[in-house]
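What follows is one structure encoded as structure tokens, with my remarks underneath.
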Amino acid sequence: MPELPEVETVRRTLAPLVGKVIASSWGSGKPLHMNRPVPYEAIARYAVTTTIRAIRRHGKYLLLDLAARRGPSQVLLVHLGMTGRLRIHAVGEPRGVHTHLVLGLREPSKRKIRHELRYTDIRRFGQLDLVTAGAEAAHPALRVLGRDPLVEPLDGSFIHSHARQSGQAIKSFLLNQRIISGLGNIYASEALWLARIRPTLRARKLSRPRAALLAEAVTQVLHHALTHGGTSLKDFVAADGAQGSHSDYLQVYGRGGEPCRRNTCKGTIRRTVIQGRATFHCPKCQER
DNA sequence: AGACAAACCTGTCTGC
DNA sequence: TGCAGACAGGTTTGTC
Numbered sequence: 208m209p210e211l212p213e214v215e216t217v218r219r220t221l222a223p224l225v226g227k228v229i230a231s232s233w234g235s236g237k238p239l240h241m242n243r244p245v246p247y248e249a250i251a252r253y254a255v256t257t258t259i260r261a262i263r264r265h266g267k268y269l270l271l272d273l274a275a276r277r278g279p280s281q282v283l284l285v286h287l288g289m290t291g292r293l294r295i296h297a298v299g300e301p302r303g304v305h306t307h308l309v310l311g312l313r314e315p316s317k318r319k320i321r322h323e324l325r326y327t328d329i330r331r332f333g334q335l336d337l338v339t340a341g342a343e344a345a346h347p348a349l350r351v352l353g354r355d356p357l358v359e360p361l362d363g364s365f366i367h368s369h370a371r372q373s374g375q376a377i378k379s380f381l382l383n384q385r386i387i388s389g390l391g392n393i394y395a396s397e398a399l400w401l402a403r404i405r406p407t408l409r410a411r412k413l414s415r416p417r418a419a420l421l422a423e424a425v426t427q428v429l430h431h432a433l434t435h436g437g438t439s440l441k442d443f444v445a446a447d448g449a450q451g452s453h454s455d456y457l458q459v460y461g462r463g464g465e466p467c468r469r470n471t472c473k474g475t476i477r478r479t480v481i482q483g484r485a486t487f488h489c490p491k492c493q494e495r
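Just add 207 to wherever you are in the first sequence, counting from 1, and you've got our numbering.
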């Protein structure tokens, strides 16, 4: 579900949790991503009594920095997969069936737990892990991540130098988290439409000027989505429960059979499949 | 190397 | 109404 703008929206709405103390932990015991076990017990053991110091993001991963009173600090790693949600609830709000982690939160100066941070995930494609602080960059999931466009802006030469080494379709190239981290299936189609590039174009055929256009388009699409709080097609909500409004602004994604929105272009948006993922483009203005 | 399918799951929608 | 099948924002794994 969530791509960079959605995950960043969650991160921003989680900001009020910085400074709170984790006072309790409950886990569902169920495996998540790839049916792999989640260290629920370690989270309960190490995260309880820690203070949330910061909430960071790299690509589609969220990192909660947890400072322990004594002993090493920890980092809670969260990936939302397709249907993962991280939300702040008042204690006592009914807990949904697909809840997998509940962290009770209190003010540092008080004893009573008033809020809970809950992770729910219907399809269980998300990830939860606990890493010793300082070692998170070596975590298998984070180690391989490429450039985060919000942390380090993209430019034409970055795209061009990587694209020339890839024989993949440009859309598959954009989805490769090892190159650019955070771009997903919606915004890959959107960025290619904005840059007028056909999704099946071989990455290595991308000229330098068009690489610059693409870098610009990716940046613009991500920032634009972020200003709308992300795209809610179905499941996505921010940590405060708010839905993103960016689905109203999508130019191609999910618009198969509908007219192209580019001025003067009378094309019809086509839905195709590339590497098993739905892909949308306008055959008329994204030719070449 | 890269394309594809399947795998991990549940829910929703479509068509018969 | 019921049921089968397709499809869904992600990532990994195996096969051709």
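Virtual Cβ for every residue (Gly too), placed ideally from N, Cα, C.
Small disclaimer: the values here were computed from a predicted structure and weren't measured.
What would DSSP say about PRO466, mapped onto helix, strand or coil? Residue state, collapsed to three classes: strand.
Where SER231 falls: helix, strand or coil (DSSP): Three-state DSSP puts SER231 in a strand.
First and last residue of the uninterrupted alpha helix (DSSP H) at ARG417: Run containing ARG417: 415-434, per the alpha helix (DSSP H) assignment.
What three-state label does DSSP hand ASP336 in the structure shown? Three-state result, ASP336: strand.
Evaluate the contact criterion for the segment 451-466 versus the segment 312-327: three or more CB pairs, one atom per stretch, below 8 Å. Taking 8 Å as the limit for Cβ pairs, the verdict is that the segment 312-327 does not touch the segment 451-466.
Compare the beta carbon distance of PRO356 and LEU429 with 8 Å and say whether it is the shorter of the two. For PRO356 and LEU429, yes; Cβs fall inside 8 Å.
What are the partner residues of PHE487, as DSSP defines its beta bridges? ARG478, per the DSSP bridge assignment.
I'd like to know if the segment 389-402 and the segment 416-427 are in contact, where contact means that at least 3 CB-CB pairs between them fall below 8 Å. With a cut-off of 8 Å on Cβ pairs, the segment 389-402 is in contact with the segment 416-427, counting three or more such pairs.
Using a Cβ distance threshold of 8 Å, determine whether the segment 214-232 contacts the segment 331-350, with at least three qualifying pairs required. Because the criterion of three Cβ pairs below 8 Å is not met, the segment 214-232 and the segment 331-350 do not touch.
Alpha carbon of LEU293 to alpha carbon of ARG354, nearest angstrom: So the two alpha carbons sit approximately 24 Å from each other.
GLY291 bridges to which residues according to DSSP? Beta-bridge partners assigned by DSSP to GLY291: ASP328.
Determine the direct distance from the alpha carbon of PHE487 to that of GLY461, and round the result to whole angstroms. Distance between the alpha carbons of GLY461 and PHE487 is about 7 Å.
With LEU401 as the anchor, note down where its alpha helix (DSSP H) starts and where it stops. Here the alpha helix (DSSP H) through LEU401 covers 392-401.
Using the Cβ count rule (16 or more neighbours within 10 Å means buried), how would you classify SER368? Exposed is the call here.
CA nearest to the CA of TRP233, picked from TYR268, ILE295, VAL309 and HIS286: Ranking TYR268, ILE295, VAL309 and HIS286 by Cα distance to TRP233 puts VAL309 first.
Closest by C-alpha distance to ALA446, when choosing among ILE262, GLY266 and HIS453: Ranking ILE262, GLY266 and HIS453 by Cα distance to ALA446 puts ILE262 first.
Between the CA atoms of ALA422 and HIS296 - distance to the nearest angstrom: Going by the C-alpha atoms only, they are around 38 Å apart.
I'd like the list of long-range same chain contacts for GLU494, defined as Cβ closer than 7 Å, with 5 residues on each side in sequence excluded. Cβ neighbours of GLU494 beyond the five flanking positions: ARG405.
DSSP state of HIS240, grouped into three classes? In the three-state reduction of the DSSP assignment, HIS240 falls in the helix class, which pools H, G and I.
Name the residue from ALA418, SER439, VAL282 and ARG264 whose alpha carbon lies nearest to the alpha carbon of PHE380. The candidate whose alpha carbon is nearest that of PHE380 is ALA418.
Quick check on the burial criterion: 16 or more other C-beta atoms within 10 angstroms. Buried or exposed for GLY497? Residue 497 is absent from the structure shown; the chain starts at 208 and stops at 495.
I need the straight-line Cα distance from PHE443 to GLN450, nearest angstrom please. Between the C-alpha atoms of PHE443 and GLN450 there is a straight-line separation of about 7 Å.
Let's test the definition: count the other Cβ atoms within 10 Å of the Cβ of ALA370 and tell me whether it reaches 16, buried, or not, exposed. Around the CB of ALA370, 16 or more other CB atoms lie within 10 Å, so the residue is classed as buried.
Using the rule of at least 16 other Cβ atoms within 10 Å of the residue's Cβ for burial, across every protein chain shown, is GLN281 buried or exposed? Buried is the call here.
8 Å Cβ cutoff met for LEU408 and ILE377: Against a cut-off of 8 Å, the Cβ pair of ILE377 and LEU408 comes out as a contact.
C-alpha distance - HIS322 paired with ASP455, whole-angstrom precision: In this structure, the alpha-carbon of HIS322 lies about 32 Å from that of ASP455.
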